[in-house]
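Participant: One line per chain: the protein sequences are A and B, in this order. Mapping the first sequence onto full-length UniProt numbering, position 472 (from 1) lands on 472, and the numbers just tick up by one. Mapping the second sequence onto full-length UniProt numbering, position 4 (from 1) lands on 4, and the numbers just tick up by one. All C-beta atoms in this analysis are idealised placements derived from N, C-alpha and C, irrespective of residue type, glycine included.
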Amino acid sequence: MAEMLHLSVTSGSDSSALSDQSASSRVGNRSLRVAEKERRKNEAEDPFVAALKYFSDVEAGTPVVGNDDFENNLVLVEKVAYSRGLHPEAISIMLEFAMSLRMGTTPCVRILKCLIPASVVPQEAVVRAWVWLTVGKIPTSTQILFIKWVLTVFDMIDGKDHLRAVYGFIFSFVTDENLSPFICHVLYLLTRKESVRVFRVRKLLELQLKLGRQPYLLHLLSLYKVFCPELVTLSIPSRLRSGFKNHNNPWKSALSAVQKRNGCQVPSSTSLLFTNKDKTASRKRKHRHLELPALRSVTIQMDQTASSSISSNSRMVVPLVQVHSFAELLENIHRIELPAQMGSLLGSSLALQYLDCVQDESALLRLNFWLGFALHEEFLFCGDGASQTSEEALLFLNKLLSTQHFLQEGFFSSEAFLYKFLNFWDGSLFRPQILDLLSNIPVVPSTKIGQLLFEPLMQLFFTSSLFFKCGLMECLNSMLLKWLTWHSVYALEDDLDISLNSHTSINMTLSGFKDSVMKLIHFVGRLASVGLQLEGCHSVLLSFILDFYETVCDTFLKYGLPLVVVPPPGVFYPALMATDPVSVDRLAYIMHRYKVNLMSAKTQEKVTEAFYISRQTIREFNHYMVVMVNCLWNSKMFHPGMGVQLGEELLLRSNVAQHWRSFDLIHHPAFLSYAVDFHQRCWPARRDMDLNSIKLAKPWSWYLEYLYSQGYDGLKQIVPAH
Amino acid sequence: MKVGDLSVYIDMSLLKPFSKLPALNAATILLVEREERFQQNLADALVGDTTVTVNVRLAKSLPLPMDNEESRPRIDLVVFIINLTSELSLKSAEASLKYLDPGYFLGKVCFLATNARNTSVPTERLDAMRKLAASLHCPLLFAEDQTPDGVNSATERLLTVLKVAAGLVPTATALYLSSLTRCTIPPDIDQPSFE
Numbered sequence: 001m002a003e004m005l006h007l008s009v010t011s012g013s014d015s016s017a018l019s020d021q022s023a024s025s026r027v028g029n030r031s032l033r034v035a036e037k038e039r040r041k042n043e044a045e046d047p048f049v050a051a052l053k054y055f056s057d058v059e060a061g062t063p064v065v066g067n068d069d070f071e072n073n074l075v076l077v078e079k080v081a082y083s084r085g086l087h088p089e090a091i092s093i094m095l096e097f098a099m100s101l102r103m104g105t106t107p108c109v110r111i112l113k114c115l116i117p118a119s120v121v122p123q124e125a126v127v128r129a130w131v132w133l134t135v136g137k138i139p140t141s142t143q144i145l146f147i148k149w150v151l152t153v154f155d156m157i158d159g160k161d162h163l164r165a166v167y168g169f170i171f172s173f174v175t176d177e178n179l180s181p182f183i184c185h186v187l188y189l190l191t192r193k194e195s196v197r198v199f200r201v202r203k204l205l206e207l208q209l210k211l212g213r214q215p216y217l218l219h220l221l222s223l224y225k226v227f228c229p230e231l232v233t234l235s236i237p238s239r240l241r242s243g244f245k246n247h248n249n250p251w252k253s254a255l256s257a258v259q260k261r262n263g264c265q266v267p268s269s270t271s272l273l274f275t276n277k278d279k280t281a282s283r284k285r286k287h288r289h290l291e292l293p294a295l296r297s298v299t300i301q302m303d304q305t306a307s308s309s310i311s312s313n314s315r316m317v318v319p320l321v322q323v324h325s326f327a328e329l330l331e332n333i334h335r336i337e338l339p340a341q342m343g344s345l346l347g348s349s350l351a352l353q354y355l356d357c358v359q360d361e362s363a364l365l366r367l368n369f370w371l372g373f374a375l376h377e378e379f380l381f382c383g384d385g386a387s388q389t390s391e392e393a394l395l396f397l398n399k400l401l402s403t404q405h406f407l408q409e410g411f412f413s414s415e416a417f418l419y420k421f422l423n424f425w426d427g428s429l430f431r432p433q434i435l436d437l438l439s440n441i442p443v444v445p446s447t448k449i450g451q452l453l454f455e456p457l458m459q460l461f462f463t464s465s466l467f468f469k470c471g472l473m474e475c476l477n478s479m480l481l482k483w484l485t486w487h488s489v490y491a492l493e494d495d496l497d498i499s500l501n502s503h504t505s506i507n508m509t510l511s512g513f514k515d516s517v518m519k520l521i522h523f524v525g526r527l528a529s530v531g532l533q534l535e536g537c538h539s540v541l542l543s544f545i546l547d548f549y550e551t552v553c554d555t556f557l558k559y560g561l562p563l564v565v566v567p568p569p570g571v572f573y574p575a576l577m578a579t580d581p582v583s584v585d586r587l588a589y590i591m592h593r594y595k596v597n598l599m600s601a602k603t604q605e606k607v608t609e610a611f612y613i614s615r616q617t618i619r620e621f622n623h624y625m626v627v628m629v630n631c632l633w634n635s636k637m638f639h640p641g642m643g644v645q646l647g648e649e650l651l652l653r654s655n656v657a658q659h660w661r662s663f664d665l666i667h668h669p670a671f672l673s674y675a676v677d678f679h680q681r682c683w684p685a686r687r688d689m690d691l692n693s694i695k696l697a698k699p700w701s702w703y704l705e706y707l708y709s710q711g712y713d714g715l716k717q718i719v720p721a722h
Numbered sequence: 001m002k003v004g005d006l007s008v009y010i011d012m013s014l015l016k017p018f019s020k021l022p023a024l025n026a027a028t029i030l031l032v033e034r035e036e037r038f039q040q041n042l043a044d045a046l047v048g049d050t051t052v053t054v055n056v057r058l059a060k061s062l063p064l065p066m067d068n069e070e071s072r073p074r075i076d077l078v079v080f081i082i083n084l085t086s087e088l089s090l091k092s093a094e095a096s097l098k099y100l101d102p103g104y105f106l107g108k109v110c111f112l113a114t115n116a117r118n119t120s121v122p123t124e125r126l127d128a129m130r131k132l133a134a135s136l137h138c139p140l141l142f143a144e145d146q147t148p149d150g151v152n153s154a155t156e157r158l159l160t161v162l163k164v165a166a167g168l169v170p171t172a173t174a175l176y177l178s179s180l181t182r183c184t185i186p187p188d189i190d191q192p193s194f195e
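#1: Just checking: is the beta-carbon of residue 116 of chain B within a distance shorter than 8 Å of some beta-carbon in chain A?
#2: Since residue 426 of chain A meets chain B, which of its residues come closer than 8 Å, beta carbon to beta carbon?
#3: At which residues does the beta strand (DSSP E) containing residue 57 of chain B begin and terminate?
#4: Using a Cβ-Cβ distance cut-off of 8 Å, determine whether residue 169 of chain B contacts chain A.
#5: Out of A/488, A/533, A/52 and A/536, state which residue places its alpha-carbon closest to the alpha-carbon of residue 513 of chain A.
#6: Compare the C-beta of residue 208 of chain A with all C-beta atoms of chain B and state if any pair is closer than 8 Å.
#7: For residue 440 of chain A, which residues from the same chain have a beta carbon less than 6 Å from its beta carbon, with the 5 sequence-adjacent residues on both sides left out?
#8: Go through its chain and collect everything with a Cβ distance to residue 53 of chain B's Cβ below 8 Å, but skip five positions before and after it.
#9: If you follow the alpha helix (DSSP H) that residue 461 of chain A is in, where does it begin and where does it stop?
#10: Enumerate in chain order the residues of its own chain whose CB-to-CB distance from residue 414 of chain A is below 7 Å, with the five nearest sequence positions on each side excluded.
#11: For residue 177 of chain B, which residues in chain A fall below 7 Å Cβ to Cβ?
#12: Rounded to a whole number of angstroms, what is the C-alpha to C-alpha distance between residue 147 of chain B and residue 125 of chain B?
#13: Would you be able to state if there are at least three C-beta pairs under 8 Å between the segment 595 to 603 of chain A and the segment 627 to 642 of chain A?
#14: Taking the alpha helix (DSSP H) that residue 110 of chain B belongs to, which residues open and close that run?
#15: Using 10 angstroms around the beta-carbon of residue 260 of chain A, count the other beta-carbons present and answer buried if the total reaches 16, otherwise exposed.
#16: Measuring CB to CB, does residue 92 of chain A end up less than 8 Å from residue 122 of chain A?
#17: Hey, how far is the Cα of residue 220 of chain A from the Cα of residue 180 of chain A?
#18: Going along chain A, which residues have a C-beta under 7 Å from residue 180 of chain B?
#19: Assign residue 641 of chain A to buried or exposed, taking buried as 16 or more other Cβ atoms, counted over all protein chains shown, within 10 Å of its Cβ.
#20: Under the DSSP definition of a beta bridge, which residues are partnered with residue 83 of chain B?
#21: If we count Cβ pairs, one from each stretch, closer than 8 Å, do we get three or more for the segment 347 to 356 of chain A versus the segment 322 to 333 of chain A?
#22: Are there 16 or more other CB atoms within 10 angstroms of the CB of residue 711 of chain A, so buried, or fewer, so exposed?
#23: Measure the beta-carbon distance from residue 62 of chain B to residue 32 of chain B and round it to whole angstroms, keeping in mind my assumption that it falls under 8 Å.
#24: In three-state DSSP terms, what is residue 36 of chain B?
#25: Applying the criterion that 16 or more other CB atoms from any shown protein chain within 10 Å of the CB defines a buried residue, is residue 27 of chain A buried or exposed?
#26: Check the Cβ-Cβ distances between residue 27 of chain B and every residue of chain A, and say whether any is below 8 Å.
#27: Please work out which residues of its chain come closer than 6 Å, Cβ to Cβ, to residue 228 of chain A, disregarding the five sequence neighbours upstream and downstream, and give them in chain order.
#28: When you compare each of A/596, A/64, A/177 and A/74 to residue 50 of chain A by their alpha carbons, which one comes out closest?
#29: Taking the CB atoms as reference points, tell me whether residue 516 of chain A and residue 446 of chain A lie closer together than 8 Å.
#30: Spell out whether any CB of chain B is found under 8 Å from the CB atom of residue 455 of chain A.
#31: Looking at the unbroken alpha helix (DSSP H) that takes in residue 23 of chain B, where does it start and where does it end?
#32: Decide if the segment 579 to 590 of chain A is in contact with the segment 521 to 533 of chain A; the criterion is three or more beta carbon pairs, one per stretch, under 8 Å apart.
#33: Hey, how far is the Cα of residue 719 of chain A from the Cα of residue 645 of chain A?
#34: Helix or strand or just coil, what does DSSP make of residue 284 of chain A?
#35: Determine, for residue 172 of chain B, whether the minimum Cβ-Cβ distance to residues of chain A falls below 8 Å.
#36: Using a Cβ-Cβ distance under 8 Å, would residue 465 of chain A count as near chain B?
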């Protein structure tokens, strides 16, 4: 304030605006120097600074009892801490003082409790404090308090690299029974792939033998398993009840108050990863995971100085939240620090872009891990079912879906969740979301696909309504589309080995992939045949089924997958006999595409022997083609050798005249109205209608032209008009 | 007790699928639930279907009382509603099963489990439930009984099965449908992501 006033003096503004204090310094440079001096003097006299100086300089062994200096200074620090929070330097000083036990163990707890950071916590201070943990004789309860404090302010620590450097050191505390739960939590937050070592796994397993299957050990082990599945052979129970507990009690309210006052809207670490709210709040715990934690900033001031500090300090990491544009992301991509709560990534498109471009698997692994537990806890393992359709759950699923669409691939944790959920699903709970998630799952190995996917889906399909049947058909079509797209994107040119997913290292051979796709197509064929039968060939269901076969018929040309699967008779004949012309036309289009695919495959076969199409497939296709053309164009329905055969006697008994004509393009139930219309236009004067006269050479070609002009391009492609 | 007495006793109490003639364009469903909580809701929703006449009979357990045996219509589908949070619920259903004629197990019995996603359901009970349904070749449906949507969905699915079981769908029989929907024991898919 004083400085500003002096500057206004030198610029010669109205002197009456000056206050009395600055009256002594009316001339430019001199006044500035004086002001600076004064400011320093004030600072030196600032009791808070003096208090900090006391704590950094006080000699070891100074008594606490009856020490007024100590008491006054500490009260002052506490006051500042609870009102504004302590700046990084103050945190360092106070932490150092407390942990070094310079004045014994008594003040330690009191100081730890008032360590409310205003902005960041310097990681050097934390590392030093860890070291003090082994040097001094700190009582266990205080040690635990310190670790709880670290957990609470974890996201405010300005860097994690030095902490990670002492990972092994921190790990050594794990054998201490009292500290173990908290140490495991810290390790959980610090663990990276390179920290998972055989000897550590062995140590944890040993501990587990000694202490029993403790949830905190299991959590850490399961994270290890995520990173290095080959090292941890232990099977982790799917129903891990409690996660890591929330340890922020002593600091929670003070921290959020300080942050609110300092203008930080988001409350700090009130919900660390896998936190359980207190038992008393257990009734509210239903959707605790579903609130996506917001990407939280480490500091407030750092936002403004971020760029300068980044350039000056090369080891400085940049928390994702401080990155505001794609350009900034690119600039800092090598030193991005991920937040402790991976769930927060779902809400930020920049974070997703980061996930997408870095090849670091650990970020995705952590995200998957978080997601797997969140989904499991909320949808498979919930307190009571009352609030299941709640807004939050819907929002969460939608957020997850938009993330998956953004990344254009599914998370394997949501895949694992779905396999379980399908076994409990009533077919209506979150139907759109669940079906959408289902269509995102990556290719399932053909040996497992039956049990994981087909069996639960079959039960659901056949017991559910027509609406559900259509929904599932659409979902399976989109699943197939995605699989085929993955194949065409990720297939390596020197065939056979394709990596299906850029992030998870699932490798699948081309033949394995083909097996899975084939199984899926056969499965849908079965659902479709029986579904049409049960629903009386409902035309809406038929339409969804034809959608699916529009994908299937083009697998070779559109997606480069050497595979041709023709539809089963249970789909072909209902479509051929359908009462709506659109279905018949679409079937014709599909058959045309099959023809184009097969012919192109044939020519390729001659050149490269890329793949061998089974004679059976070609025979089936030819048969369908003959049936279709004979039935619609040549009026040879029920002739020997056609798909639909009826005994001669039976046909005679039916009293249908010229029964072989009853499904040609004139008499087919789907096209009859067109024939009548055509007849009226062609011979407007005729009184009695004789549809058979259309079959004469001239009118027949006009009739075909007329039909094709109505938009039935599929038919046109099978038999072009002359 | 003499053997003859026993056979008479069993004959009297067994519920048989084909001992009576069906009514025209009607289907009868029997909902068996020990707690008698969900069945009333379900019954109200079931009779709302307008395409066929649906008769709903409620029971706490089997055997059914003999006194109204005469007036009771032919029962096309027996549904056991099992609340998975209660061991008794499962046990009671298990005990009731033996009062059904074997003919019912050709597609005219269905299990409807509620609260399957609840924390307090032990895995063992869930497995026992699945094993029971699988061993009898019956479908096992899951229902969300707490929400209106869940009740509607359960109703729709039961109607789908009921219409086939009552012979109202000309293209399918109860046995055919049950061969498609029977419960299978899912593999242990705990944490497949870690494999």
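Facilitator: Put simply:
#1: At least one chain A Cβ lies under 8 Å of residue 116 of chain B.
#2: Within chain B, 141, 142, 143, 144, 150, 153, 154 and 157 have C-beta atoms less than 8 Å from the C-beta of residue 426 of chain A, given in sequence order.
#3: Taken as a continuous stretch (DSSP letters only), the beta strand (DSSP E) holding residue 57 of chain B covers 53 to 59.
#4: True, the Cβ-Cβ gap to chain A drops below 8 Å.
#5: Looking at the Cα atoms, A/488 is the closest of the given residues.
#6: Judged by the 8 Å Cβ criterion, residue 208 of chain A is not in contact with chain B.
#7: Here the set comprises 404 and 410.
#8: Apart from the 5 residues on each side of it in sequence, residue 53 of chain B sits with its Cβ closer than 8 Å to the Cβ of 23, 25, 26 and 27 in its chain, given in chain order.
#9: Start and end: 455 to 463.
#10: The beta carbon of residue 414 of chain A is closer than 7 Å to those of 371, 375, 400 and 437 in its chain, skipping five residues each way along the sequence.
#11: The contacting residues are 462.
#12: A direct Cα-Cα distance of roughly 24 Å separates residue 147 of chain B from residue 125 of chain B.
#13: Short answer: they don't touch.
#14: Residue 110 of chain B -> not in any alpha helix (DSSP H); beta strand (DSSP E) instead, spanning 109 to 114.
#15: Exposed is the call here.
#16: Contact: yes.
#17: Taking the CA atoms as reference points, residue 220 of chain A sits about 11 Å from residue 180 of chain A.
#18: Within chain A, the residues near residue 180 of chain B are 458, 462 and 530.
#19: By the neighbour-count definition (other C-beta atoms within 10 Å, threshold 16), residue 641 of chain A is an exposed residue.
#20: Paired residue(s): B/114.
#21: Three or more Cβ pairs closer than 8 Å define a contact, and the segment 347 to 356 of chain A meets that threshold against the segment 322 to 333 of chain A.
#22: Exposed, because fewer than 16 other Cβ atoms sit within 10 Å of the Cβ of residue 711 of chain A.
#23: Confirmed, about 6 Å.
#24: Here residue 36 of chain B sits in coil by DSSP.
#25: Residue placement at residue 27 of chain A cannot be trusted, given a pLDDT of 47 that sits under 50; what the coordinates show is reported in the next sentence. Under this definition residue 27 of chain A is an exposed residue.
#26: Taking a beta-carbon distance threshold of 8 Å, residue 27 of chain B does not count as an interface residue toward chain A.
#27: The residues are 196.
#28: With respect to the C-alpha of residue 50 of chain A, the residue from A/596, A/64, A/177 and A/74 having the closest C-alpha is A/74.
#29: Closer than 8 Å, so yes.
#30: Yes, contact with chain B.
#31: Per DSSP, residue 23 of chain B lies in no alpha helix (DSSP H) segment and is marked neither H nor E.
#32: As far as the Cβ criterion goes, the segment 579 to 590 of chain A does not touch the segment 521 to 533 of chain A, which means the pair count is below three.
#33: Rounded to the nearest angstrom, the gap between the Cα atoms of residue 719 of chain A and residue 645 of chain A is 24 Å.
#34: Bear in mind that a pLDDT of 31 at residue 284 of chain A, under 50, signals an unreliable position, so the model cannot answer this.
#35: Residue 172 of chain B counts as touching chain A.
#36: Residue 465 of chain A counts as touching chain B.
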